[in-house]
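*Asks:*
Now the structure itself:
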């Protein structure tokens with residue numbers, strides 16, 4: 151009877167390897183490229199990663215740590231890489247290219263740490279191979295492997311060769327690593343290699359975690375079926391159409407929205423073909439781009455069995471979209487992902503989400519930063535989303551908010567992902583869509599011939615430019631305007647946090663807004679989160695305390711003058727995200743005429759803010775004051791005025 155070895159507590163070594171291979175095959179079939187040969191290549195590479203990644207745990211001292219659950223780190227990944235390199239020297243039966251060997255050894259090395267450079271760390275291997283005690287450990291690992299059937303059957307010929315020549319093969323690996331600097335030229339780095347490494351790494355990490363957590367193959371297939379089932383997207387598409395059909399046009403602008411929606415969808419369906427992977431939508435703010443983009447995404451998801459990832463620049467916009475989508479599609483079909491989205495679930499299926507740091511859902515709403523962290527290899531948890539993104543319909547809303555410095559590399563990477571054969575589709579939309587993918591053969595701009603018509607229809611505001619006014623004069627000018635004006639919804643956007651705060655304090659004092667309330671229990675919202683999230687070993691309690699030391703809490707609370715019926719609010723970037731979210735929710739209730747706790751919707755409301763309300767948020771001021779800025783920021787700010 152074969153002796154038992156362990157990869158994790160109560161998880162047999164051989165069982166773990168077989169589970170990783172099985173699970174990774176499921177993931178590659180679901181999330182791999184359409185080319186079957188490429189899929190088979192990925193499966194082959196994953197197989198060798200699975201076989202060798204944990205062999206360092208076969209050392210007796212590591213087995214004791216695992217069996218007795220001693221809570222110590224089990225150092226093993228570097229041994230797995232070295233043993234794999236030795237077997238590459240022993241045999242040519244792997245039928246691997248040198249670049250593929252390096253990819254496998256790199257993933258083995260970094261499977262317990264953030265993914266590093268493929269050409270780094272060779273010095274550590276050399277140090278191990280020059281240490282007699284470490285060489286002895288490596289020999290023991292190989293001898294133990296010989297006793298385990300999954301290795302003895304797979305590498306029977308290799309074990310025969312290694313018996314008397316172990317030192318010779320170790321020496322070859324050492325020389326190979328010593329020559330790595332010179333060998334760099336043999337491995338010209340291409341974007342395709344980058345995609346391969348990230349895909350293999352993320353699939354392996356998912357498989358490794360799911361196996362270690364005792365998820366069965368059938369369970370994983372059932373979970374993935376939720377987001378790769380055509381029928382699911384047909385039902386969601388019907389829900390959207392039902393919702394839109396029930397919207398009764400109350401104003402002329404509502405009729406324009408419905409007409410624009412219908413026209414854009416018709417243009418898309420008439421011109422769409424499988425080569426058009428990037429759909430552009432450029433229309434005025436407030437015309438209903440969210441519905442147009444979502445309808446197109448559902449059509450594409452239905453066609454290609456892919457989930458929708460709705461990506462936005464700011465958390466406060468996510469909250470608004472989440473509310474809207476939950477109302478339309480149901481809570482079970484919409485999940486959100488950002489650093490304040492808590493994962494508190496009891497059922498095993500939902501614990502799966504906690505395990506991989508995101509939720510499996512037909513529609514996932516998230517931030518640009520979550521998407522970019524996943525495709526630019528920031529950390530292990532972010533990379534777990536990489537296969538999902540490669541096979542999704544990715545909506546990029548308010549794209550102008552992202553740094554234009556990264557446009558060229560993003561454009562190149564997306565085109566290579568498409569050429570690699572993954573299912574990725576992108577819907578880009580904004581009132582100020584920047585010139586990205588301008589010359590790409592994969593682009594279809596469904597509004598290029600109609601957007602001028604709609605921009606001309608939206609005659610909702612006049613712009614007056616006041617040049618050369620300093621802050622002191624500006625404060626007095628605003629105070630005078632607020633006192634005299636009949637408008638009840640006044641927005642003020644500043645470029646700098648300090649100016650916004652100074653302006654807020656000035657208006658608060660001059661308008662006599664000395665009564666204070668908190669919005670939707672700001673403190674309780676944060677306090678309830680303290681035990682759920684840690685950021686660099688700091689709870690939100692610590693962060694809240696630091697914030698309150700930095701700025702006087704009394705200056706940033708919602709304040710009002712009951713006699714004059716004036717309410718003043720501060721909403722800027724220096725607020726804790728949880729407070730920003732609550733304040734945006736409060737404002738959305740006011741602008742949608744929902745009752746709030748104090749029944750003050752008919753009061754004059756003045757919001758002093760920074761760019762946090764500039765894009766995407768469905769706020770509808772009657773008049774807006776704004777510091778001079780770039781053209782796209784000015785246009786986006788105008789989009790918060792007379793939206794309806």
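Numbering (the working numbering), first residue to last: 151 to 794. Virtual Cβ for every residue (Gly too), placed ideally from N, Cα, C.
What is the C-beta distance between residue 461 and residue 546, in whole angstroms, given that I count them as a contact (C-beta under 8 angstroms)?
*Replies:* Working through the chain shown from its first residue, we reach residue 461 at position 311. Working through the chain shown from its first residue, we reach residue 546 at position 396. So it is a contact: roughly 5 angstroms between Cβ atoms.
*Asks:* To the nearest angstrom, how far is the alpha carbon of residue 168 from that of residue 719?
*Replies:* The residue given as residue 168 occupies position 18 in the chain shown. The residue given as residue 719 occupies position 569 in the chain shown. In a straight line, the C-alpha of residue 168 is about 58 angstroms away from that of residue 719.
*Asks:* Could you tell me which residues DSSP pairs with residue 711 in its beta bridges?
*Replies:* Along the chain shown, read from residue 1 onward, the residue named residue 711 stands at position 561. Answer is 716.
*Asks:* How would you label residue 187, buried or exposed, when you count the other beta carbons within 10 angstroms and need 16 or more for buried?
*Replies:* Along the chain shown, one-based indexing puts residue 187 at 37. When all chains shown are included, residue 187 counts as exposed.
*Asks:* Judging by CA-CA distance, which residue of 575, 784, 772 is the nearest neighbour of residue 551?
*Replies:* As a working mapping, residue 551 is identified with position 401 in the chain shown. It is 784.
*Asks:* Can you tell which of 179, 580, 415 has its C-alpha closest to the C-alpha of residue 431?
*Replies:* Taking the first residue of the chain shown as 1, we reach residue 431 at position 281. For residue 431, the nearest C-alpha among the options comes from 580.
*Asks:* Is residue 649 near residue 629, with beta carbons less than 7 angstroms apart?
*Replies:* Stepping through the chain shown from its first residue, residue 649 is reached at position 499. Stepping through the chain shown from its first residue, residue 629 is reached at position 479. The answer is no: Cβ separation not under 7 angstroms.
*Asks:* I think residue 205 touches residue 215, with their Cβ atoms under 8 angstroms apart; what is that distance to the nearest whole Å?
*Replies:* As a working note, residue 205 is residue 55 in the chain shown. As a working note, residue 215 is residue 65 in the chain shown. With 8 angstroms as the limit, residue 205 and residue 215 do not qualify as a contact, their Cβ atoms being about 15 angstroms apart.
*Asks:* When you compare the region 364 to 378 with the region 194 to 202, are there three or more beta-carbon pairs, one atom per stretch, that lie closer than 8 angstroms?
*Replies:* No, the region 364 to 378 is not in contact with the region 194 to 202.
*Asks:* Quick one: Cα of residue 756 to Cα of residue 511, how far?
*Replies:* Numbered from 1 along the chain shown, position 606 holds the residue referred to as residue 756. Numbered from 1 along the chain shown, position 361 holds the residue referred to as residue 511. Cα-Cα distance, rounded: 38 angstroms.
*Asks:* Residues in the same chain with beta-carbon distance under 7 angstroms from residue 389, minus the five sequence neighbours each way, listed in chain order, please.
*Replies:* Taking the chain shown and counting its residues from 1, one reaches residue 389 at position 239. Counting only Cβ-Cβ distances below 7 angstroms, and skipping sequence neighbours, we find 478, 479.
*Asks:* Spatial neighbours of residue 753 within its chain, please: CB distance less than 6 angstroms, with the 5 preceding and 5 following residues excluded, ordered by chain position.
*Replies:* Taking the first residue of the chain shown as position 1, residue 753 is located at position 603. Contacts found: 715, 717.
*Asks:* On a Cα-Cα basis, can you pick out the residue from 598, 653, 642 that is closest to residue 625?
*Replies:* Here residue 625 corresponds to residue number 475 of the chain shown, with the count starting at 1. Considering only alpha carbons, the answer is 653.
*Asks:* Under three-state DSSP, which class holds residue 224?
*Replies:* By one-based count along the chain shown, residue 224 stands at place 74. Coil.
*Asks:* What's the C-alpha gap between residue 496 and residue 373?
*Replies:* Here residue 496 refers to the residue found at position 346 of the chain shown. Here residue 373 refers to the residue found at position 223 of the chain shown. The predicted position of residue 496 is uncertain, since its pLDDT is 38 and thus under 50; a value taken from the coordinates is nonetheless stated next. One C-alpha to the other measures close to 16 angstroms.
*Asks:* Return the first residue and the last residue of the beta strand (DSSP E) that residue 517 is part of.
*Replies:* As a first step, residue 517 must be located in the chain shown, where it is residue number 367. First-last of the beta strand (DSSP E) with residue 517: 513 to 517.
*Asks:* Any idea if residue 306 is buried or exposed, counting beta-carbon neighbours within 10 angstroms, 16 or more meaning buried?
*Replies:* To locate residue 306, count along the chain shown from 1; it is residue 156. It is exposed - the Cβ of residue 306 has fewer than 16 other Cβ atoms within 10 Å.
*Asks:* Identify, in the order they occur along the chain, each residue of the same chain with its Cβ nearer than 6 angstroms to the Cβ of residue 455, setting aside the five sequence neighbours on each side.
*Replies:* Taking the chain shown and counting its residues from 1, the one referred to as residue 455 is at position 305. Hits under 6 angstroms: 378, 380.
*Asks:* Is the beta carbon of residue 436 sitting closer than 7 angstroms to the one on residue 185?
*Replies:* Counting from 1 along the chain shown, the entry for residue 436 is found at position 286. Counting from 1 along the chain shown, the entry for residue 185 is found at position 35. Contact flag unset, no.
*Asks:* Measure the CB-CB distance between residue 663 and residue 709 and report whether it falls below 7 angstroms.
*Replies:* Here residue 663 is taken as the residue at index 513 of the chain shown, counted from 1. Here residue 709 is taken as the residue at index 559 of the chain shown, counted from 1. A contact, by the Cβ cut-off of 7 angstroms.
*Asks:* Let me know if residue 559 comes out buried or exposed under the rule of 16 or more other beta-carbons within 10 Å of its beta-carbon.
*Replies:* Taking the first residue of the chain shown as 1, we reach residue 559 at position 409. Classification of residue 559: exposed, given that the 10 Å Cβ count is below 16.
*Asks:* Beta-carbon within less than 7 angstroms of residue 607's beta-carbon, same chain only, minus the 5 sequence neighbours each way: which residues are those?
*Replies:* Locating residue 607 in the chain shown gives position 457, where the first residue counts as 1. Counting only Cβ-Cβ distances below 7 angstroms, and skipping sequence neighbours, we find 406.
*Asks:* Rounding to the nearest angstrom, what Cα-Cα distance links residue 260 and residue 227 in this structure?
*Replies:* The residue you call residue 260 lines up with position 110 of the chain shown. The residue you call residue 227 lines up with position 77 of the chain shown. Cα to Cα, residue 260 sits roughly 7 angstroms from residue 227.
*Asks:* Out of 401, 343, 210, 279, state which residue places its alpha-carbon closest to the alpha-carbon of residue 250.
*Replies:* On the chain shown, residue 250 is found 100 positions in, with the first residue counted as 1. Of 401, 343, 210, 279, the residue nearest in Cα terms is 343.
*Asks:* Whose CA, out of 777, 711, 759, lies closest to the CA of residue 615?
*Replies:* Numbered from its first residue, the chain shown carries residue 615 at position 465. It is 777 whose Cα lies nearest to the Cα of residue 615.
*Asks:* So, at 6 angstroms on beta carbons, what are the nonlocal neighbours of residue 516 in its own chain, with the 5 sequence-adjacent residues on each side left out?
*Replies:* Stepping through the chain shown from its first residue, residue 516 is reached at position 366. Cβ neighbours of residue 516 beyond the five flanking positions: 461, 487.
*Asks:* Please list the segments of the alpha helix (DSSP H) lying wholly inside the region 566 to 617, counting only runs of 4 or more residues, in order along the chain.
*Replies:* Those alpha helix (DSSP H) runs which fall completely within the region 566 to 617 and span 4+ residues are 601 to 607.
*Asks:* Quick one, which of 582, 583, 566 has its alpha-carbon nearest residue 575's?
*Replies:* In the chain shown, residue 575 corresponds to position 425, counting from 1. Per the Cα distances, 566.
*Asks:* Identify the residues that DSSP records as bridge partners of residue 641: which are they?
*Replies:* Working through the chain shown from its first residue, we reach residue 641 at position 491. Bridge partners of residue 641: 757, 774.
*Asks:* Could you tell me the boundaries of the beta strand (DSSP E) in which residue 432 lies?
*Replies:* Counting from 1 along the chain shown, the entry for residue 432 is found at position 282. Per DSSP, residue 432 belongs to the beta strand (DSSP E) from 428 to 432.
*Asks:* Are residue 448 and residue 386 closer than 7 angstroms when you measure CB to CB?
*Replies:* Your numbering for residue 448 matches position 298 in the chain shown. Your numbering for residue 386 matches position 236 in the chain shown. Yes, the Cβ-Cβ distance between residue 448 and residue 386 is below 7 angstroms.
*Asks:* Hey, out of 618, 246, 657, 412, whose CA is closest to residue 633's CA?
*Replies:* Against the chain shown, residue 633 aligns to sequence position 483. Among 618, 246, 657, 412, the Cα nearest to that of residue 633 is on 657.
*Asks:* So, is residue 485 buried or exposed, given that buried needs 16 or more other C-beta atoms within 10 angstroms?
*Replies:* In the chain shown, counting from the first residue as 1, residue 485 sits at position 335. Residue 485 should be labelled buried.
*Asks:* Residue 604 and residue 410: beta carbons closer than 7 angstroms?
*Replies:* Mapped onto the chain shown, residue 604 falls at position 454. Mapped onto the chain shown, residue 410 falls at position 260. Going by C-beta atoms, residue 604 is nearer than 7 angstroms to residue 410.
*Asks:* Can you tell me where the beta strand (DSSP E) with residue 547 in it begins and where it stops?
*Replies:* For the purposes of this step, residue 547 is taken as the residue at position 397 of the chain shown. Unbroken beta strand (DSSP E) run through residue 547: 543 to 547.
*Asks:* Just confirm the distance between the C-beta atoms of residue 457 and residue 534, as a whole number of angstroms; I'd bet it's less than 8 angstroms.
*Replies:* As a first step, residue 457 is located in the chain shown; it is residue number 307 there, counting from the start. As a first step, residue 534 is located in the chain shown; it is residue number 384 there, counting from the start. So it is not a contact: roughly 15 angstroms between Cβ atoms.
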